[in-house]
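Working notes, beginning with the structure itself.
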Amino acid sequence: MRWIIGMSSAILLVSCGPEQSYGEQLYQAQCASCHLSDGSGLRGLYPPLYQTDYLQEHFADLPCIIEQGMEGPILVNGREYDQPMPAIVGFTDADIANLMNYLDDAMLDGKRQFVTPDQVIELRQGCKDSYE
Amino acid sequence: MHWPKLSSMYSKRTLSIVLLLILTSLIACKKEETGPLPYYGQTALEGTDTVYHQIIPFSLLDQDSTVVTNASLQGQIYVADFFFTSCPTICPVVKQNMIKIAEAISDNRLAFMAHSIDHRRDSIPRLLSYKQKLELDDRWHLLEVPEDELEELSASYLTAAYEDASAPGGFDHQGNLMLIDWDGHIRSYADGTDREQVDDFIKKIKRLLHEMDHRNE
């Protein structure tokens, strides 16, 4: 019995191939429309996320950036951007943890410790009234 | 071993009929891809002439405070859409695809008319800064549409755009791209969020430019 379950899950895994992680799905659905699928940004309007000093330095701010959006001029890899980012609503703490883990892997060096939902709750508590 | 000759298996006649059929279908397909584009919207008969649906007369201000009218676009065809600069959902994708079109076709006879539906927030300076941030060239007009003209104008483009507090960003609209010819007729449509439709739309624009070259023949 056990080997049947083992075999069938192995077959399932193989036949479904490399699947988009949940974090990647969230990114593609909620962030890629502006930051683009590969995080390269759109000209001078939407800043890139891929390999940016800004994301590197403000990684822990992600829960607040997502929850509150952003406004005001910022410098990303030496280029100035100044376009409001709307708050992205509807994320749970677990969603944000998944998204952060994906962003670290896909956009940065992937060297960070795995983010857990509990850590997201903690980071959210530190959000100022508005992210600027 | 020797191969039977084709002519001994099928009569020459059948063979030539088959070849003829293949040839005609090839020509027919080719014609489909190079002939005039269809006309969208209601058509009417005036005497013996068919009158096609036209975009209503407009007079709008663009990002440089220049007045853009049907007449000022004479000698050009254009791609139109409805958007707003703070749109959180589909507009960024539609704008990416419009930029892709502009990159694919550098012809100066092609203009871009992006109508803002957010008359409150999208002031002229804001439209200008949006144009500069996106590094758009002079073929682009980012237009202010007065509140009371929006409904009639968007309807004339056969698309929907209206204020709706419950929609993301406060406006509800379709991410359609419309291709308008030198006489204000709608000649093609695409869902501006759909990459395949946009690629096909690019081909249609090239066909319309070709049609423009040959329209007085």
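These protein sequence lines are chains A and B, in that order.
My numbering numbers the first residue of the first sequence as 7 and each following residue consecutively.
My numbering numbers the first residue of the second sequence as 595 and each following residue consecutively.
Note that the Cβ used here is the ideal one computed from N, Cα and C, for glycine as well.
Remember, predicted model here, so these are calculated numbers, not experimental data.
Residues in the same chain with beta-carbon distance under 8 angstroms from residue i, minus the five sequence neighbours each way, listed in chain order, please.
i: L721 of chain B; result: D656, Q657, T679, S710, L736, L737 and E738
i: K625 of chain B; result: The pLDDT assigned to K625 of chain B is 48, lower than 50, so where the model puts this residue is not dependable; a value taken from the coordinates is nonetheless given after this. Taken in chain order, the list of residues that qualify is empty.
i: G116 of chain A; result: D110
i: R733 of chain B; result: A696, N702, L704, A705 and F706
i: T122 of chain A; result: A103
i: D44 of chain A; result: Y56
i: F765 of chain B; result: F678, C681, I711, D712, A755, Y756, E757 and D758
i: H808 of chain B; result: none
Should residue i go down as buried or exposed, given a rule of 16 or more other Cβ atoms within 10 Å for buried?
i: Q668 of chain B; result: exposed
i: I695 of chain B; result: buried
i: I774 of chain B; result: buried
i: F795 of chain B; result: buried
i: T637 of chain B; result: exposed
i: G96 of chain A; result: exposed
i: T98 of chain A; result: exposed
i: V661 of chain B; result: exposed
i: A755 of chain B; result: buried
i: P90 of chain A; result: exposed
i: G769 of chain B; result: buried
Tell me the rounded alpha-carbon separation between residue i and residue j.
i: P79 of chain A; j: E86 of chain A; result: 7 angstroms
i: R130 of chain A; j: S748 of chain B; result: 42 angstroms
i: N664 of chain B; j: W776 of chain B; result: 9 angstroms
i: Y60 of chain A; j: E743 of chain B; result: 42 angstroms
i: L19 of chain A; j: N107 of chain A; result: Reliability of the predicted coordinates at L19 of chain A is poor, the pLDDT of 48 falling under 50, and no value is obtained from them.
i: K800 of chain B; j: L114 of chain A; result: 41 angstroms
i: M772 of chain B; j: T753 of chain B; result: 9 angstroms
i: S666 of chain B; j: I649 of chain B; result: 14 angstroms
i: P686 of chain B; j: L48 of chain A; result: 9 angstroms
i: Q26 of chain A; j: L32 of chain A; result: 10 angstroms
i: D135 of chain A; j: Y633 of chain B; result: 53 angstroms
Could you give the C-beta distance for residue i and residue j, rounded to a whole number, given that I count them as a contact under 8 angstroms?
i: L803 of chain B; j: L728 of chain B; result: Contact flag wrong, Cβ pair sits at about 23 angstroms.
i: Y646 of chain B; j: G635 of chain B; result: 7 angstroms
i: Y52 of chain A; j: C40 of chain A; result: 4 angstroms
i: A708 of chain B; j: D675 of chain B; result: 6 angstroms
i: I94 of chain A; j: Q36 of chain A; result: 5 angstroms
Among the residues of its own chain, which have a CB less than 6 angstroms from the CB of residue i, if the five just before and after it don't count?
i: N691 of chain B; result: G786 and V792
Less than 7 angstroms between C-beta atoms, sequence neighbours within five positions excluded: which residues of the same chain meet that for residue i?
i: D716 of chain B; result: F678, T679, S710 and E738
(message) Beta carbons nearer than 8 angstroms to chain B: which residues of the region 39-66 of chain A have them?
(response) S39, C40, L42, L48, R49, G50, L51 and Y52
(request) Determine which residues of the region 87-121 of chain A have a Cβ less than 7 angstroms from any Cβ of chain B, and write them out in chain order. (result) Q89, P90 and P92
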